[in-house]
Amino acid sequence: MSGVAPGGPRGAGGVGAPGGPGPIAPPPGFGPPSGQVGPVPAPGPRPGPAKQPRGPRRRRRRAESRSDLLQRAVAIAFVLLGLAVATALAWPIFQTPRLILLAAVAGVVGVAIPLVVGWRRWPALAGIGLVALAFVALVVPLAVPSGLASPSALLNGLRDGVAGIVLGWKQLLTLETPLGEYQAVLVPFLLVALVGTAAATALATSPGARAVAAVPVVLLMSVFGIAFGATSGGAGIDLLGTRVGAVREMVLGLVALALALTWLVVRARLIRRAALARARVDAGITTRGRSPIGALVRRRMLVVGLLVVALVAGLAVTPALSGITPRSTLRTGAEPQLILRAQSTPLSQYRGSFTADAYTEPLFSVSGGAGAAGGGDAAGAGSGERMRLAVLDSWTGAEFRVGDDERFTRLPGGTPASGSRPVTITIEKGLDGVWMPLPAGVQSAPTFSGSRATALADGFYLDRDSGAGIQIAPSSAGRGLRDGDSYTVQVAPSRDVELGAPGRTSLLDTAAYPQLNAWLKAQKQPRTADGYRELVERLRERGYLTHSLEEDAAAKSWIAALSKQTSYSFQPAYAGHSTARVETLFKQLVDQQDSVGETADPELLVAALGDDEQFATAAALLGRALGYETRVVVGVRMTALKGSGVGTCDGTCTGSDLAAWVEVRSPGAADWTVVDAEPQFEKLPTIVTTGRQLPKNATVPEQPKVDTVRPPTDQHDESRSGQRPDDGDGGLLGLLFPVLRPIGLALAALLLLALPGLVLLVAKRLRRRARRGAAVPEVAVVGAWAEVVDAWIDGGVDAGAGTRRDQAERLGSPHAFRLAVLADHAVFAEHPPTRQSVAEAWRLVDAELARRTESLRWRHRLRAAVTPVSFLRALNGRMGA
Numbered sequence: 001m002s003g004v005a006p007g008g009p010r011g012a013g014g015v016g017a018p019g020g021p022g023p024i025a026p027p028p029g030f031g032p033p034s035g036q037v038g039p040v041p042a043p044g045p046r047p048g049p050a051k052q053p054r055g056p057r058r059r060r061r062r063a064e065s066r067s068d069l070l071q072r073a074v075a076i077a078f079v080l081l082g083l084a085v086a087t088a089l090a091w092p093i094f095q096t097p098r099l100i101l102l103a104a105v106a107g108v109v110g111v112a113i114p115l116v117v118g119w120r121r122w123p124a125l126a127g128i129g130l131v132a133l134a135f136v137a138l139v140v141p142l143a144v145p146s147g148l149a150s151p152s153a154l155l156n157g158l159r160d161g162v163a164g165i166v167l168g169w170k171q172l173l174t175l176e177t178p179l180g181e182y183q184a185v186l187v188p189f190l191l192v193a194l195v196g197t198a199a200a201t202a203l204a205t206s207p208g209a210r211a212v213a214a215v216p217v218v219l220l221m222s223v224f225g226i227a228f229g230a231t232s233g234g235a236g237i238d239l240l241g242t243r244v245g246a247v248r249e250m251v252l253g254l255v256a257l258a259l260a261l262t263w264l265v266v267r268a269r270l271i272r273r274a275a276l277a278r279a280r281v282d283a284g285i286t287t288r289g290r291s292p293i294g295a296l297v298r299r300r301m302l303v304v305g306l307l308v309v310a311l312v313a314g315l316a317v318t319p320a321l322s323g324i325t326p327r328s329t330l331r332t333g334a335e336p337q338l339i340l341r342a343q344s345t346p347l348s349q350y351r352g353s354f355t356a357d358a359y360t361e362p363l364f365s366v367s368g369g370a371g372a373a374g375g376g377d378a379a380g381a382g383s384g385e386r387m388r389l390a391v392l393d394s395w396t397g398a399e400f401r402v403g404d405d406e407r408f409t410r411l412p413g414g415t416p417a418s419g420s421r422p423v424t425i426t427i428e429k430g431l432d433g434v435w436m437p438l439p440a441g442v443q444s445a446p447t448f449s450g451s452r453a454t455a456l457a458d459g460f461y462l463d464r465d466s467g468a469g470i471q472i473a474p475s476s477a478g479r480g481l482r483d484g485d486s487y488t489v490q491v492a493p494s495r496d497v498e499l500g501a502p503g504r505t506s507l508l509d510t511a512a513y514p515q516l517n518a519w520l521k522a523q524k525q526p527r528t529a530d531g532y533r534e535l536v537e538r539l540r541e542r543g544y545l546t547h548s549l550e551e552d553a554a555a556k557s558w559i560a561a562l563s564k565q566t567s568y569s570f571q572p573a574y575a576g577h578s579t580a581r582v583e584t585l586f587k588q589l590v591d592q593q594d595s596v597g598e599t600a601d602p603e604l605l606v607a608a609l610g611d612d613e614q615f616a617t618a619a620a621l622l623g624r625a626l627g628y629e630t631r632v633v634v635g636v637r638m639t640a641l642k643g644s645g646v647g648t649c650d651g652t653c654t655g656s657d658l659a660a661w662v663e664v665r666s667p668g669a670a671d672w673t674v675v676d677a678e679p680q681f682e683k684l685p686t687i688v689t690t691g692r693q694l695p696k697n698a699t700v701p702e703q704p705k706v707d708t709v710r711p712p713t714d715q716h717d718e719s720r721s722g723q724r725p726d727d728g729d730g731g732l733l734g735l736l737f738p739v740l741r742p743i744g745l746a747l748a749a750l751l752l753l754a755l756p757g758l759v760l761l762v763a764k765r766l767r768r769r770a771r772r773g774a775a776v777p778e779v780a781v782v783g784a785w786a787e788v789v790d791a792w793i794d795g796g797v798d799a800g801a802g803t804r805r806d807q808a809e810r811l812g813s814p815h816a817f818r819l820a821v822l823a824d825h826a827v828f829a830e831h832p833p834t835r836q837s838v839a840e841a842w843r844l845v846d847a848e849l850a851r852r853t854e855s856l857r858w859r860h861r862l863r864a865a866v867t868p869v870s871f872l873r874a875l876n877g878r879m880g881a
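Residue numbers (the UniProt record's numbering): 1 to 881.
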């Protein structure tokens, strides 16, 4: 014989080994007389299971029992490890050791119920009933421990636990994390752990392909901690020049996926090993073969390769996607933030508190004192004690608002700080809406009283970062507080906070504020905390307090109050705190200083008109220009501020007591410093025209003659009028970007999901090209047969054992039968095949694959194209076994 196939001589099955899953029969006249290659079975009919001796039957039952136990043990380990990963992902939400106890007990009970149901051969309905009974029995001791205090508490706890099945999910989204053991917040996780573990165990221990459905169930348990976790996620790292957040969640998610992949591979391996063991017992073989080293290496290299491709793709895409869109969870965009967007801020309504009706109308009363985190202020006096109504940290160019990234959540409770004292606040008829008066430093939920106590407790939300509270309980006016509502909070002692150095870079685009930038440069102050205090002090001294545009009946109340303290003269000023309004304020200061000179008498530099609304905004923008983080607070002072023209609340706070101030923080600092920017009202503004010659020896008259000047016409009452002009629409790309971005993200997500299938498609294409282009014709012909067999296997068709001709006859395909004859001749014939034989063989392959494609539906063709069954079968050594 002139041709020798790679891997062994002809007739020994060398190249024929890849030709099919069963033994190979040579044509007549070639090979052993039996027509078989490889181990020759004993002569005579093959014994069937019914005729097996007692010994082999016993060995088979023992082998099957051991295999079933091992498969069940691996399935249970997979489910429990998946529950452990889900518990680790849920830990930041609760941060209580009871979570671990709950997961352990729920895991053991959830695994035991399906095993008992299967052992007793009970119907599935019985298993569902046992899970429900287990939940009722475990919910109080595990998820509602407060119910163990007394028999009545037990009934209440059981009621809360059952209600938590429906209502507990809202608590998870609205309470501030960590939740601890507050009320019934652990009920949803108990439900997920118990039901998820029971369902996953029932699926994973079931025979057949249904067991694969346990994978999504286990992964869904892990999704709980991600979906209900904090929007910000865990700590991040710098990767490829991009900040990647939630690294802990990402790693645990990869662990869950790795567990699922490992279980699927191990399960398939155990099923195959059990099938081989049964076959050996049936054939009477007592020795056990070993997989070739090459097959083991290839098998593991394939798994490692797929993991590497997935990790590299994920690491390459994650930095790009992390900068495009923020991380979102179910907590993102919860109800409080949506309600706040529809509300006007107290700063925008500030002027309304100084009208005739609202000036003396009670807003709320305070008993017990109020604490605030204090600090030095521009006036030199301590910040004292204050009640805060709203904290506004987002500057839009038109107004200060609550930022969209602020998190208003419900407080799950807490222990008051040492030295805390109770403060009771009662709402009067002058205050309604969602904004709640609160002192700074609130660490626990208020205790509400009255007929609406329960509704108010459910509607209270707090932003822990700013300390602002809102109330969204239904009321006659829509949502919020109403006359008669009362609540008590625990207030920690106030303390002074020194202002640190500003940041190195400005937090404000000063080019968009030319007048502010011009006045800032003209003051020649250092970029330090003292420099900022001096700027705010000059802003206050050179401003003049006025609350209205007209000296009418609505303004008589506050004008009369200021006239009692000094010889006050009314000056008109527009409301609003938009960019245009603040720029006008600084323009007044710049023009006055240019006219009289920077060394002029301080009284001659008084020029800016307005009240707390404009001056607090101006001070906040000055701080951002220097590099400070700033926010505007609207509230009342409980202690007097030196030189203030706004009243002090002495127990009953009215519209006349409403004030606005600034809170400033250095970058990286934890605490905020209070800075008051309210303008003075004792020194009248002096209008000096440009070019006027001032006397060399200036004298100060008892009452300087002043001119009443109307504000410039470019000022407006409406804050919206001061929005910055659009710098440009960005052209066509700017218009299309909001539409293209979600489409691009969706395509990227689909690409990641389709990546394993694309890898398999490329691998199959390369495998077919290698087989067709083999340098040895014999290898190319045998590769053609292997290609057809792989197509059958990927399509879910098992040709069974036997020769190539036997397999082709079972399938009833003439193309496959002719290809089997060609492959047998290529292996066993005296002369090697020619290139014409190779072309004919691959023509038959194309014809057979076309026939198979026409007989399958599109979804079956797609599944056959992306399934890795043929690869795994080849790597496991099944080809030619």
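Glycine residues also receive a C-beta, built at the ideal position from the N, C-alpha and C atoms.
Considering only Thr867, Phe94 and Leu190, the residue with the shortest C-alpha distance to Val139 is Leu190. Per DSSP, Val144 has no beta bridge partner at all. Within the DSSP bridge table, the entry for Gly610 names Leu545 as partners. In the displayed model, Leu340 falls within a helix according to three-state DSSP.
Secondary structure of Ser475 (DSSP, three-state): strand.
Around the Cβ of Ile793, a 10 Å sphere holds 16 or more other Cβ atoms; the residue is buried. Taking a cut-off of 8 Å on C-beta distances, the stretch 564 to 574 touches the stretch 539 to 548, as three or more cross pairs fall below it. For Ala390, the enclosing beta strand (DSSP E) has its first and last residue at Arg386 to Leu392. Remark: three or more beta-carbon pairs, one from each stretch, lie closer than 8 Å, so the stretch 203 to 215 and the stretch 247 to 267 are flagged as touching. Going by C-alpha positions, Ala511 is about 22 Å away from Gly576. Note on the stretch 112 to 145: there is no whole beta strand (DSSP E) run with a minimum of 3 residues. Between Gln614 and Val582, the alpha-carbon positions lie close to 6 Å from each other. Here Ala791 is buried: its Cβ has 16 or more other Cβ atoms, across all protein chains shown, within 10 Å. Shown here for Val788: same chain residues with a beta carbon closer than 7 Å to its own, the five before and five after excluded, namely Ala816, Leu819, Val845 and Glu848 in chain order. Taking the Cβ atoms as the reference, Leu115 lies roughly 17 Å from Ala193, outside the contact range of under 8 Å. In the displayed model, Phe570 falls within coil according to three-state DSSP, outside both helix and strand.
In the structure shown, Phe364 falls within a strand segment according to DSSP collapsed to helix, strand and coil. Proximity of the stretch 491 to 502 to the stretch 434 to 442 meets the contact definition, three or more beta-carbon pairs being nearer than 8 Å. A distance of 8 Å or more separates the beta carbons of Val366 and Gly127.
Counting the other CB atoms within 10 Å of its CB gives Val136 a total below 16, which places it among the exposed residues. For Ser486, the uninterrupted beta strand (DSSP E) segment begins and ends at Ser486 to Val491. Taking 8 Å as the cut-off, the beta carbon of Val636 is found closer than this to the beta carbon of Cys649. Scanning Ala600, Gly623 and Gly469 for the CA closest to the CA of Ser506 turns up Gly623.
Under DSSP, Ser449 takes part in a beta bridge, and its partners are Ser486.
With fewer than 16 other Cβ atoms from the protein chains shown falling within 10 Å of its own Cβ, Asp530 counts as exposed.
Going by DSSP, Ile687 is part of no beta strand (DSSP E) at all; its letter is neither H nor E.
Cβ neighbours of Ser486 within its own chain (closer than 8 Å, five residues either side excluded): Thr424, Ile425, Thr426, Ile427, Phe448, Ser449 and Gly450. According to the DSSP assignment, Phe224 belongs to the alpha helix (DSSP H) that extends over Ala214 to Ala227.
In this structure, the alpha-carbon of Phe78 lies about 9 Å from that of Thr201.
Per DSSP, Phe817 is not a residue of any beta strand (DSSP E); the alpha helix (DSSP H) it occupies stretches across Pro814 to Phe828. Beta bridge pairing from DSSP links Val636 with Met387 and Leu658. The beta carbons of Tyr359 and Gly655 sit closer together than 8 Å. The residues Ala153 and Gly157, in chain order, have a CB closer than 7 Å to that of Ser146 in the same chain once the five nearest residues on each side in sequence are set aside.
As DSSP reads the structure, Pro422 sits in a beta bridge with Gln490. Of the candidates Lys564, Thr579 and Ile559, the residue whose Cα lies closest to the Cα of Pro572 is Ile559. In the structure shown, Leu481 falls within a strand segment according to DSSP collapsed to helix, strand and coil.
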